[in-house]
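Peer 1: Residue numbers for the sequence shown, in the working numbering: 243 to 607.
Using N, Cα and C, we set each Cβ at its ideal position, and we do this for glycine too.
Only a predicted model underlies this, so the values are computations on that prediction, with no experimental measurement involved.
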Amino acid sequence: MLKNALLFIIRLFVGGLFIFSGLIKVNDPVGTAIKLEEYFDVFSNDIASFFYIFKDIALPLAVFLVVAEVVLGVMLILGVRLKLTVWALSLMILFFTFLTFYSAYFNKVTDCGCFGDAIKLTPWESFTKDVILLVLIGILFIYRKDLSNDGPTWAKWTTRISLVLSIYLAITAIRNLPFIDFRAYKEGVNIPEAMLPSAPLQYNYVMKKGDDLFVFDQYPTEEGYDFVEMKLVNEDALPKISDFAVWNENGDFTEEILRGKKAVVLVTNIAKMDKSHLDKIDAMLMGIQKSDIDPVLVAASSEEEIKALIAERKWDLEGYQGDATVIKTIMRSNPGLMLLKDGVVIKKYHYRNTPTYSEVLELLR
Numbered sequence: 243m244l245k246n247a248l249l250f251i252i253r254l255f256v257g258g259l260f261i262f263s264g265l266i267k268v269n270d271p272v273g274t275a276i277k278l279e280e281y282f283d284v285f286s287n288d289i290a291s292f293f294y295i296f297k298d299i300a301l302p303l304a305v306f307l308v309v310a311e312v313v314l315g316v317m318l319i320l321g322v323r324l325k326l327t328v329w330a331l332s333l334m335i336l337f338f339t340f341l342t343f344y345s346a347y348f349n350k351v352t353d354c355g356c357f358g359d360a361i362k363l364t365p366w367e368s369f370t371k372d373v374i375l376l377v378l379i380g381i382l383f384i385y386r387k388d389l390s391n392d393g394p395t396w397a398k399w400t401t402r403i404s405l406v407l408s409i410y411l412a413i414t415a416i417r418n419l420p421f422i423d424f425r426a427y428k429e430g431v432n433i434p435e436a437m438l439p440s441a442p443l444q445y446n447y448v449m450k451k452g453d454d455l456f457v458f459d460q461y462p463t464e465e466g467y468d469f470v471e472m473k474l475v476n477e478d479a480l481p482k483i484s485d486f487a488v489w490n491e492n493g494d495f496t497e498e499i500l501r502g503k504k505a506v507v508l509v510t511n512i513a514k515m516d517k518s519h520l521d522k523i524d525a526m527l528m529g530i531q532k533s534d535i536d537p538v539l540v541a542a543s544s545e546e547e548i549k550a551l552i553a554e555r556k557w558d559l560e561g562y563q564g565d566a567t568v569i570k571t572i573m574r575s576n577p578g579l580m581l582l583k584d585g586v587v588i589k590k591y592h593y594r595n596t597p598t599y600s601e602v603l604e605l606l607r
């Protein structure tokens, strides 16, 4: 009885964690795909070049993984095909543990994306979490013969519903934008304020005198100390946004884009941009021409590509370059639209949901 109770508690904990993790990522499968692309880049350089081909299927792989997390978690808690579930979870956690160990040990991908953008873990925290799960799932694996291999009819139907619902939510999030935005550029964020520390940054100074190390909260004026390193004490005061910048051949225009009313068309990659809905963006940009709203294009592409796109679409706007990672963080759509008012993110749109010019005028009035 005690063993069965313990196994059930483990099932509840592990299943609940997988459901929680999966639902956060079902909310943003594109973010998970971006993280997988980072791993494939690293693996193609460090392990084998063939990993690069997986970048082209990163999004389908992301959908499969996040849906599998939710469904397997439901199956584990409800007792549906437990032996198969434990096998699948064992393989999955081995895969995740390898990824997080690689990230932590080699310091390659500093955020595993285990809980999307909702909960940030350091590489070693992620690895520790996976080791704990590996042990718990290992216990279930050892005693898998003691687990019932079937569940009641209602549990099977619940599993099927969770599968369909997870796939539906993932596809909806891909075709629109995440239902809940956990990122630093979510609607309502004041970007200029987020680029500043929330409090004065405080540092400790590690100094060496002879063979002894000393820590001071101010740089010592006494002679005889050799500087070793400087450690930030209040890391939680660091700016939430530290890498936002736009520029072109004429210089840096970051401050300019954060002043006044801006309709910012964001493109992560012009060569891979979906052009099927550009007519909506054309109409919106045409409609706001005589207003006090400045249209802007920011793309992670070359100057030549940006100028060619502006000429091709006959857009009357300024074009700037931006960092691809930053643009992907801001916008999960290629292209997408962000409305800014004095640096505050008013609204963000997937290209499928591009607003009319009258809606833009209303939002930025």
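A346 lies in the alpha helix (DSSP H); which residues open and close that run?
Peer 2: It spans L324 to F348 - the alpha helix (DSSP H) in which A346 sits, taken as one unbroken run.
Peer 1: Under the rule that 16 or more other beta-carbon atoms within 10 Å means buried, what is M472, buried or exposed?
Peer 2: Classification of M472: exposed, given that the 10 Å Cβ count is below 16.
Peer 1: On the CB-based measure, 16 or more other CB atoms within 10 Å of its CB, does G585 come out buried or exposed?
Peer 2: With 16 or more other Cβ atoms within 10 Å, it is buried.
Peer 1: Whole angstroms are fine: how far does the CA of A479 sit from the CA of I374?
Peer 2: Cα to Cα, the separation comes out at about 30 angstroms.
Peer 1: For a test of the three-state rule: what should DSSP assign to P439, helix, strand or coil?
Peer 2: Note: P439 maps to coil in three-state DSSP.
Peer 1: Kindly indicate the opening and closing residues of the beta strand (DSSP E) around K473.
Peer 2: It spans D468 to L474 - the beta strand (DSSP E) in which K473 sits, taken as one unbroken run.
Peer 1: Spell out a yes or no on whether the stretch 557 to 569 and the stretch 528 to 541 are touching, meaning 3 or more CB-CB pairs, one atom from each, closer than 8 angstroms.
Peer 2: Output reads yes: the stretch 528 to 541 touches the stretch 557 to 569.
Peer 1: For the alpha helix (DSSP H) that P302 lies in, which residues bound it at each end?
Peer 2: Segment A300 to L320, the alpha helix (DSSP H) holding P302.
Peer 1: Report yes if the C-beta of L248 is less than 7 angstroms from at least one heavy atom of the ligand GDP; otherwise report no.
Peer 2: Although the ligand GDP was asked about, the structure shown includes no ligands whatsoever.
Peer 1: Should L605 and K589 be called a contact, given that it needs their Cβ atoms to be closer than 8 angstroms?
Peer 2: Yes, these two residues count as a Cβ contact at 8 angstroms.
Peer 1: Say whether the stretch 564 to 582 touches the stretch 419 to 432, bearing in mind that this needs 3 or more beta-carbon pairs closer than 8 angstroms, one atom from each stretch.
Peer 2: Judged by Cβ distances under 8 angstroms, the stretch 564 to 582 makes contact with the stretch 419 to 432, as three or more pairs qualify.
Peer 1: On the DSSP bridge assignment, give the partners of Q563 in chain order.
Peer 2: According to DSSP, Q563 bridges with W489 and A541.
Peer 1: Between the stretch 379 to 396 and the stretch 310 to 330, can you find at least three pairs of beta-carbon atoms closer than 8 angstroms?
Peer 2: Touching, yes.
Peer 1: Round the Cβ separation of F282 and A300 to the nearest angstrom and send it over; I've been treating them as touching at under 8 angstroms.
Peer 2: F282 to A300, Cβ: 7 angstroms. Contact.
Peer 1: Identify every run of the beta strand (DSSP E) within the stretch 497 to 542, keeping only runs that are complete inside it and at least 3 residues long; order them along the chain.
Peer 2: Whole beta strand (DSSP E) segments, 3+ residues: 503 to 509 and 535 to 541.
Peer 1: Enumerate in chain order the residues of its own chain whose CB-to-CB distance from E464 is below 7 angstroms, with the five nearest sequence positions on each side excluded.
Peer 2: Nothing meets the Cβ criterion.
Peer 1: Per DSSP, what are the beta-bridge partners of L446 in this structure?
Peer 2: This sequence places Asn at residue 446; Leu is not what is there. Answer is K473, bridged to N446.
Peer 1: Would you mind reading off the limits of the alpha helix (DSSP H) that contains V431?
Peer 2: Run containing V431: none; DSSP gives neither H nor E here.
Peer 1: By the DSSP assignment, the beta strand (DSSP E) with I588 in it spans what residues?
Peer 2: Note, I588: beta strand (DSSP E), V586 to H592.
Peer 1: For T596, collect the residues of the same chain with a Cβ closer than 7 angstroms to its Cβ; drop the 5 residues on either side in sequence, then sort them by chain order.
Peer 2: Correct list, in chain order: H519, K522, I523, M526 and L579.
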